[in-house]
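Participant: If you use UniProt numbering, the sequence shown corresponds to residues 1 to 252, in order. Can you keep this structure in mind? I'll have questions shortly.
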Amino acid sequence: MKNAAQVRHLTIAFDNKPIVNDVCLDIPSHQISVLVGRSGSGKTTFLRAFNRLNEEHTGCQTSGELCLDLGTGLEKQSDIYAGSVTALRLRVGMLFQTPNVLPVSIWRNIAMPLEKLTNLSREAISQRVEKSLNDVGLWSEIHDRLHSPATRLSGGQQQRLCLARVLALEPKILLLDEPTASLDVLASKHIEQLLQQLVERYTIIMVSHSLSQACRLANKLFVFDSGNMVKSLSKQDGITEEKLAALIEPRL
Ligand SMILES: Nc1ncnc2c1ncn2[C@@H]1O[C@H](COP(=O)(O)OP(=O)(O)OP(=O)(O)O)[C@@H](O)[C@H]1O
Ligand SMILES: [Mg+2]
Numbered sequence: 001m002k003n004a005a006q007v008r009h010l011t012i013a014f015d016n017k018p019i020v021n022d023v024c025l026d027i028p029s030h031q032i033s034v035l036v037g038r039s040g041s042g043k044t045t046f047l048r049a050f051n052r053l054n055e056e057h058t059g060c061q062t063s064g065e066l067c068l069d070l071g072t073g074l075e076k077q078s079d080i081y082a083g084s085v086t087a088l089r090l091r092v093g094m095l096f097q098t099p100n101v102l103p104v105s106i107w108r109n110i111a112m113p114l115e116k117l118t119n120l121s122r123e124a125i126s127q128r129v130e131k132s133l134n135d136v137g138l139w140s141e142i143h144d145r146l147h148s149p150a151t152r153l154s155g156g157q158q159q160r161l162c163l164a165r166v167l168a169l170e171p172k173i174l175l176l177d178e179p180t181a182s183l184d185v186l187a188s189k190h191i192e193q194l195l196q197q198l199v200e201r202y203t204i205i206m207v208s209h210s211l212s213q214a215c216r217l218a219n220k221l222f223v224f225d226s227g228n229m230v231k232s233l234s235k236q237d238g239i240t241e242e243k244l245a246a247l248i249e250p251r252l
């Protein structure tokens, strides 16, 4: 099994307080890896290490090694992108818990980052916008109102638009932080189906609070507790809600 990422002794501290402790794990390529664990256990912080978002906070210290395969084999993250966080974030896209559409049209939401971050022609940008909207199943729903404000879309549509914006940049790895947390059951199902299709083209690392969702989607599952990765399970091991609930049961 090829790995898209290898994490070795990763420790992340904010203001000298360790939040992620000495985590070692492998992320398989073209599979869905799900991180679960109680609130505050360090899942988001761990996820944000992959695109170096933690470094935006002063007082954050990271040690250990993170290797990523962004198309040319596993290389140390610090070596590949020491000079350019933007180049890294083009290859490691992130979707946040709540949809963060820009207050511009649906079309501009996807086209703007492409204009800013790539040298693509107008023609190529148009093609990417259409393709990514198709990828998330939005094109047929909204192709007749591409120039109306993105904020008028429903919550589920907004989240799919945000995912389309990430996909348009053609990343290798997708980081998803509770991507369905703000959505209803139907919209969540839609995103789940989408992820199962997208994993053929991308490596997906996601955080989920829904144990049933984690069971449905995870090829690989990592349980976090107080900043430690305390258990790793594979689909072959049989991942059940009962098993997970017992592993992350709140301490009384
Ligand atoms: N920028 C920061 N500065 C200081 N402490 C932080 C910062 N970001 C996160 N923390 C702390 O790190 C701990 C873990 O936070 P994190 O967001 O990673 O948890 P989580 O597992 O994603 O929780 P949840 O399930 O609630 O989203 C928390 O105690 C949080 O307060
Ligand atoms: Mg979180």
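The beta carbon of each residue, even a glycine, is placed where N, CA and C say it ideally should be. It should be emphasised that the depicted structure is a prediction, and the values quoted were computed from it without experimental measurement.
Going along the chain, which residues of its own chain have a beta-carbon closer than 6 Å to the beta-carbon of T62, five neighbours each way excluded?
Facilitator: Position 62 of the sequence shown, counted from the start, is the residue given in the question as residue 62. Only I12 meet the Cβ criterion.
Participant: So is E242 buried or exposed if we call it buried at 16+ other beta carbons inside 10 Å?
Facilitator: Position 242 of the sequence shown holds residue 242. Exposed, because fewer than 16 other Cβ atoms sit within 10 Å of the Cβ of E242.
Participant: Output yes or no for whether 7 Å exceeds the beta carbon distance between L163 and V136.
Facilitator: As a working mapping, residue 163 is identified with position 163 in the sequence shown. As a working mapping, residue 136 is identified with position 136 in the sequence shown. Yes, they are a contact pair.
Participant: So V36 is in the beta strand (DSSP E); what residue range does that whole segment cover?
Facilitator: One-based indexing of the sequence shown puts residue 36 at position 36. Where V36 is concerned, the enclosing beta strand (DSSP E) stretches over 32-37.
Participant: If you draw a straight line from the alpha carbon of F224 to that of E249, how long is it in whole angstroms?
Facilitator: Sequence index remark: in the sequence shown, residue 224 carries index 224 (1-based). Sequence index remark: in the sequence shown, residue 249 carries index 249 (1-based). Computed Cα separation, rounded: 12 Å.
Participant: Considering only the alpha carbon of each residue, which of L161, I106, R128 lies closest to D144?
Facilitator: Taking the sequence shown and counting its residues from 1, the one referred to as residue 144 is at position 144. Of L161, I106, R128, the residue nearest in Cα terms is I106.
Participant: Kindly indicate which residue of L138, V36, L133, N3 has the alpha-carbon position closest to the one of E75.
Facilitator: For the purposes of this step, residue 75 is taken as residue 75 along the sequence shown, with counting starting at 1. Of the listed residues, the one whose Cα sits closest to E75 is N3.
Participant: Just verifying my parser: in three-state terms, what is the DSSP assignment at residue 260?
Facilitator: Any answer about residue 260 is impossible in this case: the structure gives the chain only from 1 up to 252.
Participant: Enumerate in chain order the residues of its own chain whose CB-to-CB distance from T151 is below 7 Å, with the five nearest sequence positions on each side excluded.
Facilitator: Within the sequence shown, the letter at position 151 stands for residue 151. The residues are V101, P103.
Participant: Under the DSSP definition of a beta bridge, which residues are partnered with N228?
Facilitator: As a position in the sequence shown, residue 228 is number 228, starting the count at 1. Per DSSP, D225.
Participant: What residues in its chain sit with their C-beta under 7 Å from that of V7, if we drop five residues either side in the sequence?
Facilitator: Here the question's residue 7 lines up with position 7 in the sequence shown. Excluding positions up to five away in sequence, the list reads V23, C24, L25, L66.
Participant: So, with DSSP's three-state summary, where would you put R89?
Facilitator: Residue mapping note: residue 89 aligns to position 89 of the sequence shown, counting from 1. Residue state, collapsed to three classes: helix.
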